[in-house]
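Colleague: Each residue of the sequence shown is one higher than the one before, counting from 1100 in this note's numbering.
Got a structure for you, questions after.
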Amino acid sequence: MLLRKSQPSDMPFLRDMLYQGVYWRAIANDTPPAFEQALADPQVAKALAGWGECAGDQGVVAVHNSIPIGAAWYRFWTDEDNIRGYIEEDTPALIIAVHSDYRDRGVGKQLLEWLVEHAASQGIGKISLMVAKDNQAINLYRKCGFTEHADTGASVLMLRTL
């Protein structure tokens, strides 16, 4: 497996990973929403709107046999953006997803470690993310040093200090 910085040509794959990350439960229950309609939801669409054009946008793609299998990215937001995972303007919010055929193989851990290292090298002090309490990925986030920052009911806002 190879990790590389995301590129503009990765946008279709990043959209797929966003879809899988946001709608994981519906996909697992065989009730996924229509792809384009789901990604058109304003709360979802803004996660990748203008990707790469905003200062601080950073992403990594995992590739196996020339095929992308997972991605993680972070972006800085403001109070006005009202995005899930947001804590404060100097803490980027992270999104991560791994193709279902490659889960539980360490791909997510490597993606997280790459982004954490990159963020630390850029002088970023913290990274946040939001995860549903019943999403098994919460265990990976804990193992990678994320701690619970706030309980929002069905989800947990997590924070990693770098």
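C-beta atoms are modelled at their ideal positions from N, C-alpha and C, and glycine is treated no differently.
#1: Rounded to a whole number of angstroms, what is the C-alpha to C-alpha distance between THR1251 and LEU1211?
#2: Using a Cβ-Cβ cutoff of less than 6 Å, which residues in the same chain neighbour VAL1197 once the five nearest sequence positions on both sides are dropped?
#3: Expressed to the nearest angstrom, what Euclidean distance is found between the alpha-carbon atoms of SER1227 and GLU1135?
#4: Within the continuous beta strand (DSSP E) that includes PRO1111, where are the two ends?
#5: Under the DSSP definition of a beta bridge, which residues are partnered with GLU1135?
#6: Could you check whether the Cβ of ILE1168 sits closer than 8 Å to any heavy atom belonging to the ligand GDP?
#7: Three-state secondary structure (DSSP) at LEU1261?
Modeller: On the basis of the supplied data:
#1: Against the sequence shown, residue 1251 aligns to sequence position 152. Against the sequence shown, residue 1211 aligns to sequence position 112. Spanning the two alpha carbons is a distance of roughly 23 Å.
#2: The sequence position of residue 1197 within the sequence shown is 98, counting from 1. Excluding residues within five positions, the ones whose Cβ falls inside 6 Å are GLY1169, VAL1206 and GLY1207.
#3: Mapped onto the sequence shown, residue 1227 falls at position 128. Mapped onto the sequence shown, residue 1135 falls at position 36. When rounded, the distance between both Cα atoms is 27 Å.
#4: Stepping through the sequence shown from its first residue, residue 1111 is reached at position 12. Looking at the DSSP string, PRO1111 is not in any beta strand (DSSP E); the run it does join, the alpha helix (DSSP H), is 1110-1121.
#5: Translated into positions along the sequence shown, residue 1135 becomes position 36. None, per the DSSP bridge assignment.
#6: No copy of the ligand GDP appears in this structure; indeed no ligand is present at all.
#7: Locating residue 1261 in the sequence shown gives position 162, where the first residue counts as 1. Reduced to three states, the DSSP call for LEU1261 is coil.
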